[in-house]
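Student:
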Amino acid sequence: MNVALPALVIFFIFLPGFIFRIRFKRVERTSLDFSPFGRIAAGAVMSAAVAHLLWLSFTYWLFGQRFEPIVLMQLLSSAPASQVAAASAVAADFSWIAAYFGTLLFASFAFPILLRSAITNYRLDRASSPLRPMLRFHEAPWYYLLTGADFPEEEAPDFVIVAAIVEVGRDAMLYTGVLDSFFFDSDGQLDRLVLQGVARRPLARDKDTSDDEAEDKAASAGRADTGRFYPVDGDSFVLRYSEMITLNVQYVHLG
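Those letters in the sequence shown? Residues 2 to 256, per the numbering used here, in order.
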């Protein structure tokens with residue numbers, strides 16, 4: 002008991018910090034997190050300390066409940082007599098302690114989602130923001146590239162067009178369309194793009210001077226295009242990142 006009880010107490014004390022860290026992070030990988038343990042632990046301990054400070058302040062202000070450091074020290078002690086005395090004190094206020102940790106764990110789960118939404122909506126994490134060092138999601142580079150999240154709100158793109166070269170057989174094909182959504186694999190690598198309004202053409206038919214002249218003639222004649230691109234039928238077109246040779250991203254602003 003003198004070993005298991007302190008470990009269990011420490012686990013419950015720091016658990017809100019780890020939950021907050023997991024829920025707050027915007028990451029593009031779902032496999033095992035290989036971040037240095039020191040950095041993970043430091044972030045979780047700091048988050049847990051702030052959470053407990055706020056929650057203890059709320060409980061004292063709302064209900065008059067005071068934190069007794071001596072009880073915590075006795076729980077962390079290896080002396081059986083101290084642990085018994087502390088366990089008796091905890092049993093006397095078990096309802097309050099259970100409510101404290103229950104609400105704190107729920108807040109640690111729900112609050113990071115609201116905080117992340119606020120950061121995204123107010124663009125506090127964009128490259129030019131003074132709060133960027135603290136609030137930027139450094140483990141989600143594709144998110145910033147493919148959404149245009151680094152633009153100020155008044156300059157945010159209306160939509161994003163991507164163009165990718167894919168080898169089909171022995172020919173290189175250029176696909177272009179409006180980005181609808183994107184997905185990652187478990188290691189955080191871009192897995193696939195979902196496009197709409199897709200057109201394609203062989204890369205061998207790349208644009209040259211004759212194409213410019215043809216486009217000018219087509220425009221004066223009222224025709225939409227010169228036939229260099231072929232529309233791809235369908236509502237959603239999936240491009241796998243592993244099959245792409247190059248990827249071009251264009252941010253489009255209307256008006």
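A virtual CB, placed ideally from N, CA and C, is assigned to each residue, including glycine.
Does DSSP classify SER96 as helix, strand or coil?
Tutor: Note: SER96 maps to helix in three-state DSSP.
Student: List, from N- to C-terminal side, the alpha helix (DSSP H) runs of 4 residues or more that fit wholly inside the region 103-160.
Tutor: If we require 4 residues or more, the alpha helix (DSSP H) runs fully inside the region 103-160 come out as 133-136 and 142-148.
Student: Quick one: what does DSSP say ARG202 is sitting in, helix, strand or coil?
Tutor: Strand.
Student: Let me make sure I understand the geometry here. Which of ASP236, ALA200, ILE166 and GLY189 has the alpha-carbon closest to that of ILE246?
Tutor: Checked all of ASP236, ALA200, ILE166 and GLY189; the closest Cα to ILE246 is ILE166.
Student: Under a three-way DSSP split, which group does GLY178 fall into?
Tutor: GLY178: strand per DSSP, three-state reduction.
Student: Under a Cβ-count criterion, where at least 16 other Cβ atoms within 10 Å of its own Cβ denotes burial, should ARG22 be classed as buried or exposed?
Tutor: So ARG22 ends up on the buried side.
Student: State the DSSP-derived secondary structure class of PRO17, mapped to helix, strand or coil.
Tutor: Helix.
Student: Where does the unbroken alpha helix (DSSP H) through VAL233 begin, and where does it stop?
Tutor: Per DSSP, VAL233 belongs to no alpha helix (DSSP H) and is neither H nor E.
Student: Three-state secondary structure (DSSP) at GLU69?
Tutor: Note: GLU69 maps to coil in three-state DSSP.
Student: Nearest by alpha-carbon distance to ALA150: which of GLY235, PHE185 and ASN122 is it?
Tutor: Among GLY235, PHE185 and ASN122, the Cα nearest to that of ALA150 belongs to ASN122.
Student: Alpha carbon to alpha carbon, what distance is there between PHE59 and ALA80?
Tutor: Roughly 32 angstroms between the two C-alpha positions.
Student: Can LEU57 and PHE68 be called in contact, C-beta distance under 9 angstroms?
Tutor: Going by C-beta atoms, LEU57 is nearer than 9 angstroms to PHE68.
Student: Would DSSP call ALA165 helix, strand or coil?
Tutor: ALA165 falls in the strand class under three-state DSSP.
Student: With H, G and I counted as helix, E and B as strand and the rest as coil, what does DSSP make of GLN190?
Tutor: Looking at GLN190 - three-state DSSP - the assignment turns out to be coil, as it is neither helix nor strand.
Student: Cutting at 7 angstroms between CB atoms, please list the residues of its own chain near VAL250, excluding the five before and the five after it.
Tutor: Excluding residues within five positions, the ones whose Cβ falls inside 7 angstroms are LEU146, LEU147, VAL161 and VAL163.
Student: Look at ALA45 and VAL72 and say whether their C-beta atoms are less than 9 angstroms apart.
Tutor: Cβ atoms of ALA45 and VAL72: not closer than 9 angstroms.
Student: Straight-line CA distance for PHE19 to LEU116?
Tutor: Cα to Cα, PHE19 sits roughly 16 angstroms from LEU116.
Student: What residues in its chain sit with their C-beta under 7 angstroms from that of PRO113, if we drop five residues either side in the sequence?
Tutor: PHE21, ARG24 and PHE25.
Student: Considering only DSSP beta bridges, list what THR247 is partnered with.
Tutor: Paired residue(s): ILE166.
Student: Grab the span of the beta strand (DSSP E) containing LEU240 for me, first residue to last.
Tutor: Element bounds for LEU240: 238-241.
Student: Thinking C-beta only, is SER182 closer than 9 angstroms to VAL195?
Tutor: A contact, by the Cβ cut-off of 9 angstroms.
Student: Measuring only the C-alpha atoms, how far is ASP192 from GLY178?
Tutor: About 17 angstroms.
Student: Whole angstroms are fine: how far does the CA of ARG229 sit from the CA of ALA222?
Tutor: Confidence is the limiting factor: at ALA222 the pLDDT is only 38, short of 50, which leaves the residue's position unreliable, though a coordinate-based value still follows. Going by the C-alpha atoms only, they are around 17 angstroms apart.
Student: Rounding to the nearest angstrom, what Cα-Cα distance links ALA50 and PRO158 in this structure?
Tutor: One C-alpha to the other measures close to 39 angstroms.
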